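Chains as they are written, first to last, in the working numbering: chain A, 1 to 201; chain B, 1001 to 1201. Even for Gly, the Cβ is constructed at its ideal location relative to N, Cα and C. Please read these numbers as outputs of a predicted model, since none were measured by experiment. Single-structure report; data block below.
There are 2 protein chains.
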Amino acid sequence: MTTYTKADRAPLTERQEARRRRILRATTQLAARGGYESVQMREVAELSEVALGTLYRYFPSKVHLLVATMYDQLDQLHAQLRRRPPRSAGSRERVVDTLLRAFKGMQREPHLTEAMMRALQFADRSVGAEVDTVSRETTTMILEAISGDEPAGEPTAEDLAVIRVITHTWHSSLIAWLNGRASIAQVRTDIETVCRLIPED
Amino acid sequence: MTTYTKADRAPLTERQEARRRRILRATTQLAARGGYESVQMREVAELSEVALGTLYRYFPSKVHLLVATMYDQLDQLHAQLRRRPPRSAGSRERVVDTLLRAFKGMQREPHLTEAMMRALQFADRSVGAEVDTVSRETTTMILEAISGDEPAGEPTAEDLAVIRVITHTWHSSLIAWLNGRASIAQVRTDIETVCRLIPED
DNA sequence: GCAGTTACTGAAACTTGTTCTAGATTACGC
DNA sequence: GCGTAATCTAGAACAAGTTTCAGTAACTGC
């Protein structure tokens, strides 16, 4: 089994890699300040010291840009989880812990979260590949929480179905919270509720 | 118990009601043809023979317009379900039936569905009230499926949590299908999976 | 080190959602 | 019916995402 920490992507020169990072950093910064609508392409370009055309060469749309940012953040979260994985008893509890920990992180930067999640949910077919990447990373994280220290054989179709439902709930619930239509407690409840689909072990 | 078939709304004169209906009809038409991006405010205005400013007076944004359209469609579905409610044995099965029937309807107009669902997911705080309306209607539909012919006492907090999770899954799953990231079979599986949260009776 | 290709810049142009304005029309209280 | 206020219309204007283009800079193969 091969694991991809970084998404596969055409190889970039050093300066290009630097540009890409500047762009993502600028996006994160603007998003953290005012959410989705504060991420304006002209501002991102200016802040990352790149021409507008170049920005669009790297990320073909605002949604692509924000989904890439999401992947970036997710990657950091994932690394952090690998350093200090949840230590609870059952797989169900580990998944709940994982998601609640992620949620706690997101509460620290609600605007950033809003920008990324809105983009993820709004993304259409043209962003399919990128959304899939995020989706795979999320799946991996949850799978790792389920297996814990165990060897972790191939996930069954059933496992994958449950994980899909969990991520669906996770995303929608988060959006509802960001929009003020759900409380923090409700998000927590929803996570716990959906995780009941994970068999006790 | 009072039931609201129509959302409460400032009383309108006959001509205003007619305008409103023309606008919703035009929106449905355009959405059915080409989805979210085909619903262009100028076109909606022209097709419904209303000035752009008037369109904005009735619906303060494109997202408001599409969420209102969603409510409208949902209302029709709900009426239809009341005429011929699912007759399956358990509440779980009735909910699955209900959602699958809704899904079948949506497969008939994928573009329209895409437009409405994208708007619903993209909606921000400013559309909170309207989204809540849709959300309540959905909840009611599922609750009715759960109770079947029975008297149907007040839903418990647990019931509501399960229903929230079901709707979250329902929406996200649908979006994934519309974006070509999930097959029809997967949507079906996801629905069946999440409905396992409903206790057997 | 050079020719040729590809990438980047700055700026204008285009698209579509949204707002604004001035004047015409309609609804409403009396 | 009449005057007043709210509503509607046509159309310009504005905002932000996206595209385009001419010119400049950087990379690549030789």
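- Taking a C-beta distance under 8 Å as the contact criterion, A:L197 and B:L1197 qualify as a contact pair.
- Close partners of B:S1173 in chain A (Cβ separation under 9 Å): R164, V165, H168.
- Interface annotation, B:F1122: in contact with chain A, CB-CB separation under 8 Å.
- By the CB criterion at 8 Å, B:D1190 and B:S1173 fall inside the cutoff.
- For B:D1075, not one C-beta of chain A is nearer than 8 Å to its own C-beta.
- DSSP places B:A1157 in the helix class (H, G or I) of the three-state scheme.
- Taking the Cα positions, B:S1183 is about 6 Å away from B:W1177.
- If you keep only unbroken beta strand (DSSP E) runs of at least 3 residues inside the region 12-47 of chain A, you get nothing at all.
- C-alpha of A:V131 to C-alpha of A:T169: approximately 16 Å in a straight line.
- For A:V63, the enclosing alpha helix (DSSP H) begins and ends at 62-83.
- Close partners of A:V63 in chain B (Cβ separation under 7 Å) are lacking, with about 10 Å as the shortest Cβ gap.
- Residues of the region 1182-1199 of chain B with a C-beta less than 7 Å from any C-beta of chain A: T1189, D1190, T1193, V1194, R1196, L1197, listed in chain order.
- Assigned with DSSP and collapsed to three states, B:D1097 falls in helix.
- Proximity of chain B to A:A161 at the Cβ level (cut-off 7 Å) is accounted for by T1189, D1190, T1193, in chain order.
- Neighbourhood of B:D1132 in chain A, by CB distance below 8 Å: R181, in chain order.
- By the 16-neighbour rule on beta-carbons within 10 angstroms, A:R19 is buried.
- In the assembly as shown, B:G1180 is an exposed residue. Its beta-carbon has fewer than 16 other beta-carbons within 10 Å.
- From the listed residues A:M116, A:H171, A:E200, A:Y58, the smallest Cα separation to A:G35 is found for A:M116.
- Where B:E1137 is concerned, the enclosing alpha helix (DSSP H) starts and stops at 1128-1147.
- Taking C-beta atoms as the reference points, A:L66 and A:V39 count as a pair closer than 8 Å.
- With respect to A:T113, A:A145 sits apart: the two C-beta atoms are not nearer than 8 Å.
- Residue contact check for A:R125 against chain B: a CB pair falls below 8 Å.
- Residue state for B:S1088 is assigned as coil, using DSSP reduced to three classes.
- Using a Cβ distance threshold of 8 Å, B:I1023 and B:L1055 count as a contacting pair.
- Taking 8 Å as the cut-off, the beta carbon of B:P1155 is found closer than this to the beta carbon of B:L1143.
- Taking CB atoms only, A:R92 has no neighbour in chain B less than 8 Å away.
- With a 10 Å radius around the Cβ and a threshold of 16 neighbouring Cβ atoms, A:D72 comes out buried.
- When only Cα atoms are considered, B:S1135 and A:V50 end up about 43 Å apart.
- At the C-beta level, B:I1175 and B:C1195 stay beyond 8 Å of one another.
- Membership of A:G53 in the alpha helix (DSSP H) is indicated by the continuous run 52-58.
- Counting other Cβ atoms within 10 Å of its Cβ, A:K104 stays below 16 and is therefore classed as exposed.
- Using a Cβ-Cβ cut-off of 8 Å, B:G1034 is close to nothing in chain A; its nearest Cβ partner there is about 12 Å away.
- A residue is called buried once 16 or more other Cβ atoms fall within 10 Å of its Cβ, and A:L30 is buried on that count.
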